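Visitor:
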Amino acid sequence: MENALSRYQGFVYVLPALLFVAVFVFWPLGQLIYISLTDTSLLGGGSFIGLQNYIDAIGDQQFWKSLWFTLKYTVFITPILMGLGFALALLTAPNRPLQQMTRGIIFLPVVIGIGSSSLLWYWLFDQQVGLFNRLLVDLHIIAEPMAWFIKADQALWAVIVSITWKVIGFGMLLFVAGIQSINSEVTEAALIDGANYWQRVWYVILPLSIRIILLTTLISVIGSLLAFDQFYIMTGGNPRGQTFTSVYWIYQNSFIRFKLGYGAALSIILTLIILVFSSVQVMLSNRGQNQ
Amino acid sequence: MTTLAESNTTAITADHAGSRAAGESRPVRYVVAAICIFMIVIMLMPIVFSFFASIKSPADAHQVPPSYWPQSLSLDNYIKVFNFQAGLWTYVGNSVAVAALAIVMCLALSIPAGYGLARFKIKAKEFWFILLLAPLMIPYQALLTPLYLTFAKIGLANSWLGLAIVHTILQLPFSIYLMRNSFEGIPRELEEAAKVDGATSMQILRGVFMPLIVPGMVTVALFAFIASWNEFLSALIFMNKETSFTVPIMLVSVRTGRLGAVDWGALQAGVMIAILPCVLIYVLLQKYYVAGFLNGAVK
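Each protein sequence line maps, in turn, to chains A and B.
If you use this note's numbering, the first sequence corresponds to residues 315 to 605, in order.
If you use this note's numbering, the second sequence corresponds to residues 194 to 492, in order.
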């Protein structure tokens, strides 16, 4: 009796969490697949229509446009976040007071909400009362205040500037941890060989940080592919739907146009795309853990 | 897994040796310091500007072109936010209640799970662990439609509990991961001694482990709070009744205003209020926050 109990004891402790994940993640995932095969709407409906939603998705220009826009956003912002993040990590990795303080302050925006930061930057970018515009004018970078959200490309860059400010500390801190965990003997050996600072960065620090750079890149890419808040708040998808991201377009279909079935089909497509990236991420993490 | 403490000590020695051996010259040090100060200014500027705007008089806040410094001090913007529609406390109350429930659920699920995963032999443990990490791989954005339909049916729409469940889905993998590491970090001998005394696993959990995993619990609670307080999309979808808004959703409706014109001063006052708890937690509990962040995000 006691043996039988103790054999399952560990499992019993894990069970509540497993049940929670089963009920609130796997069950809804099953429902999502089913809903995607129906014409469910917030107003009713719900009859089975097979793959019609997926066929509609293929012909949905706006969906592809949104996916393309999301990809563009991701392709633009990822190198900025990783490159600048790594540069800031090099700058602040030494544990001297000023560097530690800089590190702490660069990380600060990471803890505030993306909703708050987007509203803050929406104001900074405003053509009339925005201080970012005023600053650019005062620095003679632009001649007069710009309307950032009238053209899609400018709106995209406004969002990229605001998100870079908000999340640059995320990658930086992970890179700092990576740099600091490099064995000092390795760097010293390079020093004795006469390597200068940039040679050490290129031949020692970068190669030894590659796993953490990869992981951070994946986390960042997944985050960008799922972007919603910043565009919902700063651009509202405008002009003419040119700044809808994938998640935004799914939200728009599901909760503004009430087409839940169609939104579900789009969600499935997006989930499959994300799954490719996130499974690589989990594999990379687990490998590192076993080492 | 390198803990922060370990990496710090190696870094200090590495850094010491590095700067000495490199013979880092004075000009280089000045340049580095200058870049640091430049970065600090850039990072703080938006928040400082926003703070100044929030204490300008409403008329000042609408001045074109805007001024960097407030020319007159006024709390009118804050008073406006306090009295916004159902009143600020309704929205803060909603946010706090949802966050509190999310914290409780994260702890209630992750403490036993971490204990089970770290301290017991379980068949196919890796498999169960990966299942528990599944919410990391499936974007929660995709689950919102089915959850919304279910919650609407069972009366959890516009409820604290409903939204807290979504926030728990978000935070659970991190929480379990962190708790498992907390339990693994505790020496076996403590547990063995209690076992010899005939204590049950539950007694050991409460008597031996609980006091030792407090730092882990603080970190789990802290992250659950910040994630829940800041979360936007599911709050937007699930809390669609004006009185059930959380703070981020309230902010968006402050911006829209009643007459369609943006109330810039009030908006920045709202932003200040929304970021205050997060900034305070970060500044006061930075040690827990940074350690938890490095522990969870890298892995």
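C-beta: ideal position from N, C-alpha, C; glycine also.
Here the structure is a predicted model, which is why all the values come from computation and not from measurement.
Just the chain B side, please: which residues come within less than 7 Å of Trp-512 (chain A) by C-beta, in chain order?
Guide: For the purposes of this step, residue 512 (chain A) is taken as residue 198 along the first sequence, with counting starting at 1. Going along chain B, no residue has its Cβ under 7 Å from Trp-512 (chain A), so there is no contact; the nearest lies around 12 Å.
Visitor: Whether or not the stretch 424-436 of chain B and the stretch 552-572 of chain A are in contact is what I'm after, with contact meaning three or more pairs of Cβ atoms, one per stretch, closer than 8 Å; do they touch?
Guide: Yes, the stretch 552-572 of chain A touches the stretch 424-436 of chain B.
Visitor: Just list the beta strand (DSSP E) runs in the stretch 414-490 of chain A, keeping only unbroken ones of 3 residues or longer that don't cross its boundaries, in chain order.
Guide: As far as the stretch 414-490 of chain A is concerned, it has no whole beta strand (DSSP E) run of at least 3 residues.
Visitor: Can you check whether the C-beta of Met-236 (chain B) is within less than 9 Å of a C-beta belonging to chain A?
Guide: The residue given as residue 236 (chain B) occupies position 43 in the second sequence. At least one chain A Cβ lies under 9 Å of Met-236 (chain B).
Visitor: In the structure shown, what three-state DSSP assignment does Gly-358 (chain A) receive?
Guide: Stepping through the first sequence from its first residue, residue 358 (chain A) is reached at position 44. Here Gly-358 (chain A) sits in strand by DSSP.
Visitor: Which residues does DSSP pair with Thr-352 (chain A) in a beta bridge?
Guide: The sequence position of residue 352 (chain A) within the first sequence is 38, counting from 1. According to DSSP, which records beta bridges pairwise, Thr-352 (chain A) is partnered with A:Phe-362.
Visitor: For Val-425 (chain A), decide whether its Cβ has a neighbour in chain B, counting only Cβ atoms nearer than 9 Å.
Guide: Here the question's residue 425 (chain A) lines up with position 111 in the first sequence. Yes, because at least one Cβ of chain B sits closer than 9 Å to the Cβ of Val-425 (chain A).
Visitor: Below 9 Å between beta carbons: does that hold for Leu-574 (chain A) and Thr-436 (chain B)?
Guide: As a first step, residue 574 (chain A) must be located in the first sequence, where it is residue number 260. As a first step, residue 436 (chain B) must be located in the second sequence, where it is residue number 243. No. Outside cutoff.
Visitor: Which residues, taken in chain order from the stretch 407-420 of chain A, show a beta carbon closer than 8 Å to some beta carbon of chain B?
Guide: Cβ contacts with chain B: Ala-407, Pro-408, Asn-409, Arg-410, Leu-412, Gln-413, Met-415, Thr-416, Gly-418, Ile-419, Ile-420.
Visitor: Hey, Tyr-475 (chain B) and Val-425 (chain A) are a contact pair by Cβ (cut 8 Å); roughly how many whole angstroms apart?
Guide: Taking the second sequence and counting its residues from 1, one reaches residue 475 (chain B) at position 282. Taking the first sequence and counting its residues from 1, one reaches residue 425 (chain A) at position 111. Yes, they are in contact, since the Cβ atoms of Tyr-475 (chain B) and Val-425 (chain A) sit about 4 Å apart, within 8 Å.
Visitor: Can you tell me whether DSSP reads Ala-215 (chain B) as helix, strand or coil?
Guide: The residue you call residue 215 (chain B) lines up with position 22 of the second sequence. Note that Ala-215 (chain B) scores a pLDDT of 48, beneath 50, so its modelled location is shaky; the value from the coordinates is reported in the next line. The answer is helix: DSSP assigns Ala-215 (chain B) an H, G or I state.
Visitor: Assign Phe-362 (chain A) to buried or exposed, taking buried as 16 or more other Cβ atoms, counted over all protein chains shown, within 10 Å of its Cβ.
Guide: Residue numbering aside, residue 362 (chain A) sits at position 48 when the first sequence is read from its first letter. Burial call: exposed.
Visitor: Give me the Cα-Cα distance between Arg-321 (chain A) and Thr-354 (chain A), rounded to the nearest whole angstrom.
Guide: Numbered from 1 along the first sequence, position 7 holds the residue referred to as residue 321 (chain A). Numbered from 1 along the first sequence, position 40 holds the residue referred to as residue 354 (chain A). So the alpha carbons of these two residues sit roughly 45 Å apart.
Visitor: Look at the alpha carbon of Val-481 (chain A) and the alpha carbon of Leu-395 (chain A), and state the distance between them as a whole number of angstroms.
Guide: By one-based count along the first sequence, residue 481 (chain A) stands at place 167. By one-based count along the first sequence, residue 395 (chain A) stands at place 81. Near 8 Å, if we compare the C-alpha coordinates of Leu-395 (chain A) and Val-481 (chain A).
Visitor: Between which residues of its own chain and Val-296 (chain B) is the CB-CB distance below 7 Å, once the five residues before and five after are set aside?
Guide: Working through the second sequence from its first residue, we reach residue 296 (chain B) at position 103. Here residue 296 (chain B) turns out to be Ile, not Val, going by the sequence shown. If we look at Ile-296 (chain B) and ignore the five residues flanking it on each side, its Cβ neighbours are Ala-414, Ala-417, Phe-418.
Visitor: To the nearest angstrom, how far is the alpha carbon of Ala-214 (chain B) from that of Leu-505 (chain A)?
Guide: What you label residue 214 (chain B) is simply residue 21 of the second sequence in a count that begins at 1. What you label residue 505 (chain A) is simply residue 191 of the first sequence in a count that begins at 1. Reliability of the predicted coordinates at Ala-214 (chain B) is poor, the pLDDT of 42 falling under 50, and no value is obtained from them.
Visitor: Could you give the DSSP three-state label for Val-389 (chain B): helix, strand or coil?
Guide: Within the second sequence, the letter at position 196 stands for residue 389 (chain B). Reduced to three states, the DSSP call for Val-389 (chain B) is helix.
Visitor: Any beta carbon of chain D sitting closer than 9 Å to that of Val-413 (chain B)?
Guide: Given the protein chain composition of this structure (A and B), no chain D is represented.
Visitor: On the DSSP letters alone, give me the boundaries of the alpha helix (DSSP H) that Glu-377 (chain B) sits inside.
Guide: Locating residue 377 (chain B) in the second sequence gives position 184, where the first residue counts as 1. First-last of the alpha helix (DSSP H) with Glu-377 (chain B): 353-377.
Visitor: In angstroms with no decimal places, state the Cα-to-Cα distance between Leu-405 (chain A) and Val-455 (chain B).
Guide: Here residue 405 (chain A) is taken as the residue at index 91 of the first sequence, counted from 1. Here residue 455 (chain B) is taken as the residue at index 262 of the second sequence, counted from 1. Cα to Cα, Leu-405 (chain A) sits roughly 40 Å from Val-455 (chain B).
Visitor: Is the shortest distance between the beta-carbon of Ser-380 (chain A) and the beta-carbons of chain B less than 9 Å?
Guide: Taking the first sequence and counting its residues from 1, the one referred to as residue 380 (chain A) is at position 66. It does not; no Cβ of chain B falls within 9 Å.
Visitor: Measure the CB-CB distance between Gly-463 (chain B) and Asn-374 (chain B) and report whether it falls below 9 Å.
Guide: Position 270 of the second sequence, counted from the start, is the residue given in the question as residue 463 (chain B). Position 181 of the second sequence, counted from the start, is the residue given in the question as residue 374 (chain B). The answer is no: Cβ separation not under 9 Å.
Visitor: Using a C-beta cutoff of 9 Å, does Gly-516 (chain A) count as contacting chain B?
Guide: The residue labelled residue 516 (chain A) in the question sits at position 202 within the first sequence. It is worth fixing the name first, because residue 516 (chain A) is Trp in this sequence and not Gly. Cβ-Cβ to chain B under 9 Å: no for Trp-516 (chain A).
Visitor: Can you tell me where the alpha helix (DSSP H) holding Ile-506 (chain A) begins and where it ends?
Guide: Start at 1 with the first residue of the first sequence, and residue 506 (chain A) comes out as number 192. Its alpha helix (DSSP H) spans residues 498-506.
Visitor: Any contact of the stretch 478-490 of chain B with the stretch 449-465 of chain A, i.e. 3+ C-beta pairs under 8 Å?
Guide: Too few Cβ pairs lie closer than 8 Å, so no.
Visitor: According to the neighbour-count rule (16 or more other Cβ atoms, all chains shown, within 10 Å of its Cβ), is Trp-606 (chain A) buried or exposed?
Guide: In the structure displayed, chain A extends from 315 to 605; residue 606 (chain A) sits before or after that span and is not available.
Visitor: What would DSSP say about Ala-350 (chain B), mapped onto helix, strand or coil?
Guide: Within the second sequence, the letter at position 157 stands for residue 350 (chain B). If DSSP states are grouped into helix, strand and coil, Ala-350 (chain B) belongs with coil.
Visitor: Helix, strand or coil for Tyr-261 (chain B) per DSSP?
Guide: If you number the second sequence from 1, residue 261 (chain B) lands on position 68. If DSSP states are grouped into helix, strand and coil, Tyr-261 (chain B) belongs with coil.
Visitor: With 9 Å as the threshold, decide whether the Cβ of Ser-303 (chain B) is near any Cβ in chain A.
Guide: As a working mapping, residue 303 (chain B) is identified with position 110 in the second sequence. Closer than 9 Å: yes.
Visitor: Between Leu-402 (chain A) and Leu-477 (chain B), what straight-line distance do the alpha-carbon atoms span, to the nearest angstrom?
Guide: For the purposes of this step, residue 402 (chain A) is taken as the residue at position 88 of the first sequence. For the purposes of this step, residue 477 (chain B) is taken as the residue at position 284 of the second sequence. Rounded to the nearest angstrom, the two C-alpha atoms are 24 Å apart.
Visitor: Mind pulling the chain A residues with CB within less than 9 Å of His-255 (chain B)?
Guide: As a working mapping, residue 255 (chain B) is identified with position 62 in the second sequence. Chain A residues near His-255 (chain B): Gln-442, Val-443.
Visitor: Since Thr-436 (chain B) meets chain A, which of its residues come closer than 8 Å, beta carbon to beta carbon?
Guide: Position 243 of the second sequence, counted from the start, is the residue given in the question as residue 436 (chain B). Ordered by position in chain A, no residue passes the 8 Å Cβ test against Thr-436 (chain B), which lies about 19 Å from the chain.
Visitor: Given a cut-off of 9 Å, decide if Pro-263 (chain B) and Ile-494 (chain B) are closer than it, judged by their beta-carbon atoms.
Guide: The structure shown does not extend to residue 494 (chain B), since chain B is modelled only from 194 to 492, so the question has no answer here.
Visitor: Anyone know if the C-beta pair for Gln-595 (chain A) and Leu-532 (chain A) falls short of 9 Å?
Guide: Residue numbering aside, residue 595 (chain A) sits at position 281 when the first sequence is read from its first letter. Residue numbering aside, residue 532 (chain A) sits at position 218 when the first sequence is read from its first letter. Cβ atoms of Gln-595 (chain A) and Leu-532 (chain A): closer than 9 Å.
Visitor: DSSP three-state label for Val-455 (chain B), please.
Guide: The sequence position of residue 455 (chain B) within the second sequence is 262, counting from 1. It is coil, neither helix nor strand.
Visitor: Look at the Cβ atom of Leu-349 (chain B), then the Cβ atom of Ile-358 (chain B), and state whether they are nearer than 9 Å.
Guide: For the purposes of this step, residue 349 (chain B) is taken as the residue at position 156 of the second sequence. For the purposes of this step, residue 358 (chain B) is taken as the residue at position 165 of the second sequence. Yes; because the gap between Cβ atoms is below 9 Å, this pair is in contact.
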